[in-house]
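Numbering (the numbering used here), first residue to last: 30 to 364.
Quick reminder that beta carbons are idealized off the backbone N, C-alpha and C, glycines included.
Below is one structure, written out as structure tokens, with a few remarks after it.
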Amino acid sequence: MADVAAHADVSTATVSRVLSGKRSVSPEIRDVVLEAVEALGYKPRRRRKMDSRSGQKNIDVRLGFLMDPATDWYFVRILSGIESVLRQNNVDFTVSPINGQSEGSVEFFAAEQAQRVGGLIIGGGPSRDELFTAAQSMNIPVVLLDRYRETNDAAAVIIDNVRCSCEAVHHLIDTGYSKIAMVNGPQYLPASRDKLLGYRMALAEAGLSFDPELVIVDESYHTWEGGYRAAQQLLGRVKPPFGVFAFDDLMAYGVMKAVAAAGLSVPGDVAVVGFGDLLYEQTGIGLTCIHVNYEHYGRLIAQLLLDLMAKRVYPPIQIAVNGVLVTRESSASGS
């Protein structure tokens, strides 16, 4: 399904709506999706009726997209991994974006009880405690994607953002930079909080003091524009050379563009490290970053949810996925 979405340049949720026959898709978009289905030879499995005799249940994947998931490399890779496991286990699933509209509300979710949703994956965007609570009240198993609850009462698959971020910042320090800045996402995101913690841990371990002026937060995480704006602020505060650890690859790319626009060089004046390793795959840009296998990540999420549904395991459970530092041209030298 993720491949069809990318081919048609629409969201996976839109593909799901077209294939399920829902009317909330324009005829033009429907035709584009169906053409992509035919071109790729995609054969969606026929959905069984949800009745008490079959016991068949659907999994609902709820993601808070900040951008169209058809062009959001992060979510496309994760969904690919989720889909591969669910298809292997003959399980239907629906992708429902949480975008502030009625389709992401608790009321909409509660109205879907008639469809006998068997499991829920929640991830992306701000905290969705209300969805988690609603699912709990209906005894629907939930897996949290790259988030966790402070109450430690959930099943979650997370990226070890603290360890990975600490490694990324240590790399900049080891390369020779004594001034290390950070371009981060908003603090309501667990990933942002954990990456900041890893950043501060690395500084402390290297005997460097933490300067809050070197941490720039932009609400437009997962975008190069957010990284560009943040880098402009940094360049107005810090004299090169210095290193920058970015929340993700797209923000890192924005940092690199801002540095170039200022007439400076990467890594001579500003070294940059990203997170995810999707930029190099898509563009070939030599960005040093933390590599994360997002398809593997998605497979772990789906398998955990199936285990919860089969009552093979019970929450609280937390599975941490590690990343690996990949060094490229963007951090080749320091001063």
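{"Item": "Residue environment, Ala68, which counts as buried when at least 16 other CB atoms sit within 10 Å", "Value": "exposed"}
{"Item": "Rounded separation between Ala281 and Gly292 - CA only", "Value": "17 angstroms"}
{"Item": "Close-in-space but distant-in-sequence residues of the same chain around Gly227 (CB under 6 angstroms, 5 per side omitted)", "Value": "Val191, Ser194 and Cys195"}
{"Item": "Residues near Ala37 by beta carbon distance below 6 angstroms, same chain, minus five either side", "Value": "Val61, Val62 and Ala65"}
{"Item": "Cβ neighbour criterion (16 or more within 10 Å) applied to Asp175", "Value": "buried"}
{"Item": "Asn119 - DSSP class collapsed to helix/strand/coil", "Value": "coil"}
{"Item": "Among Gly147, Val186 and Glu159, the one whose alpha carbon lies nearest that of Pro344", "Value": "Val186"}
{"Item": "Beta strand (DSSP E) segment containing Met211, residue limits", "Value": "Ile209 to Asn213"}
{"Item": "Closest residue to Asn213 among Thr180, Ile314 and Gly256 (Cα-Cα distance)", "Value": "Gly256"}
{"Item": "Range covered by the beta strand (DSSP E) that runs through Leu149", "Value": "Val146 to Gly152"}
{"Item": "Status (buried if at least 16 other CB within 10 Å, exposed otherwise) for Thr252", "Value": "buried"}
{"Item": "Helix, strand or coil at Gln216 according to DSSP, with G and I counted as helix", "Value": "coil"}
{"Item": "Buried versus exposed call for Ala163 [16 or more other C-beta atoms within 10 Å across all chains shown]", "Value": "buried"}
{"Item": "N-terminal and C-terminal residue of the alpha helix (DSSP H) that Phe161 is part of", "Value": "Asp158 to Ser166"}
{"Item": "Distance CB(Ser360)-CB(Thr204) smaller than 7 angstroms", "Value": "yes"}
{"Item": "Same chain, Cβ closer than 7 angstroms to Gln261, five either side skipped, listed in chain order", "Value": "Ala287"}
{"Item": "Buried versus exposed call for Glu112 [16 or more other C-beta atoms within 10 Å across all chains shown]", "Value": "buried"}
{"Item": "Residue burial classification, Gln332 (beta-carbon count within 10 angstroms, cutoff 16)", "Value": "buried"}
{"Item": "8 angstroms CB neighbourhood of Asp158 in its chain, flanking five on each side removed", "Value": "Arg178"}
{"Item": "Cβ-based burial, Pro270 [other Cβ within 10 Å; buried from 16]", "Value": "buried"}
{"Item": "Cβ neighbour criterion (16 or more within 10 Å) applied to Met285", "Value": "buried"}
{"Item": "Residue ranges of each alpha helix (DSSP H) within the region 262-332, 4 or longer", "Value": "278-290 and 308-312"}
{"Item": "Span of the beta strand (DSSP E) around Ile346", "Value": "Ile346 to Val350"}
{"Item": "As assigned by DSSP and simplified to three states, the class of Leu17", "Value": "One cannot answer for residue 17 here, as it falls past the ends of the chain, which runs 30 to 364."}
{"Item": "Beta-carbon proximity of Val47 to Arg59, cut-off 7 angstroms", "Value": "yes"}
{"Item": "Spatially closest choice to Leu353 from His320, Val244, Asp298 and Gly147, by CA coordinates", "Value": "Per the sequence shown, residue 353 should be read as Val rather than Leu. Residue His320 is the option with its Cα nearest to Val353."}
{"Item": "Rounded Cβ spacing between Tyr309 and Leu316 (contact assumed at less than 8 angstroms)", "Value": "6 angstroms"}
{"Item": "DSSP beta-bridge partners of Ile245", "Value": "Val212"}
{"Item": "Between the CA atoms of Ile188 and Glu254 - distance to the nearest angstrom", "Value": "24 angstroms"}
{"Item": "Beta-carbon gap between Gly152 and Glu324 smaller than 7 angstroms", "Value": "no"}
{"Item": "Coarse secondary structure for Ile169, derived from DSSP in three states", "Value": "coil"}
{"Item": "Status (buried if at least 16 other CB within 10 Å, exposed otherwise) for Ala197", "Value": "buried"}
{"Item": "Beta carbon of Ala300 nearer than 7 angstroms to that of Gly272", "Value": "yes"}
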